[in-house]
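Enquirer: In the working numbering, the protein residues as written are 21 to 175. Structure provided below as structure tokens; questions to follow.
Shown next, in the form of structure tokens:
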């Protein structure tokens, strides 16, 4: 997660305004907090700590950024995309099951500059961002699920 602060510092150099909400309080929490202060990014980062339900944060995001270098399955990435939020993630095998590169997000090499460039492109070229957002569709139609559940329980 400390890569997020480095990416933020690069975005600041490019004069790109952003608000980065970080959810979680893992072992790097204090280190990240100190790096944010050291990089003078207090106005751009909000650390909300561990959340029982991060839905509010994900559903209100413009972009979901994952700097994990490995995961068995990027569930939070899948959740973001299913909520209509384009995702950017570092490359690792499981992420290719979720992100359709260039369609509903981008997969980049685990490199601060490459991630910064993609975020900057999406922030400044709205046609690319809008295209990704349009391709983020829920995998499940909740209205159909409600109808099926009502049928099953006899309502």
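Ideal placement from N, C-alpha and C gives every residue a C-beta, glycine not left out.
Is it the case that the segment 70 to 83 contacts the segment 50 to 58, given that we only count it when at least three CB pairs across the two stretches are under 8 Å?
Expert: Contact fails: fewer than three Cβ-Cβ distances are below 8 Å.
Enquirer: Rounded to whole angstroms, what is the Cα-Cα separation between residue 138 and residue 150?
Expert: For the purposes of this step, residue 138 is taken as residue 118 along the chain shown, with counting starting at 1. For the purposes of this step, residue 150 is taken as residue 130 along the chain shown, with counting starting at 1. If you take the alpha carbons of residue 138 and residue 150, they lie about 14 Å apart.
Enquirer: Quick one: Cα of residue 143 to Cα of residue 31, how far?
Expert: Sequence index remark: in the chain shown, residue 143 carries index 123 (1-based). Sequence index remark: in the chain shown, residue 31 carries index 11 (1-based). Each residue's alpha carbon lies about 10 Å from the other.
Enquirer: Can you tell me where the alpha helix (DSSP H) holding residue 125 begins and where it ends?
Expert: Numbered from 1 along the chain shown, position 105 holds the residue referred to as residue 125. From DSSP, residue 125 is part of no alpha helix (DSSP H) but of the beta strand (DSSP E) over 125 to 128.
Enquirer: Any chance the segment 126 to 141 sits against the segment 98 to 117, with 3 or more Cβ pairs inside 8 Å?
Expert: Cβ pair count under 8 Å is three or more, so yes.
Enquirer: Kindly indicate which three-state DSSP category residue 31 falls into: helix, strand or coil?
Expert: Locating residue 31 in the chain shown gives position 11, counting from the first residue. DSSP places residue 31 in helix when its eight states are reduced to three.
Enquirer: On a Cα-Cα basis, can you pick out the residue from 22, 100 and 167 that is closest to residue 47?
Expert: Locating residue 47 in the chain shown gives position 27, counting from the first residue. The candidate whose alpha carbon is nearest that of residue 47 is 22.
Enquirer: Quick one: Cα of residue 181 to Cα of residue 49, how far?
Expert: What the structure shows of the chain is the stretch from 21 to 175, and residue 181 is not part of that stretch, so it cannot be assessed.
Enquirer: If you drop the 5 nearest sequence neighbours on each side, which residues of the same chain put their C-beta closer than 7 Å to that of residue 51?
Expert: Locating residue 51 in the chain shown gives position 31, counting from the first residue. The answer, listed in chain order, is 22.
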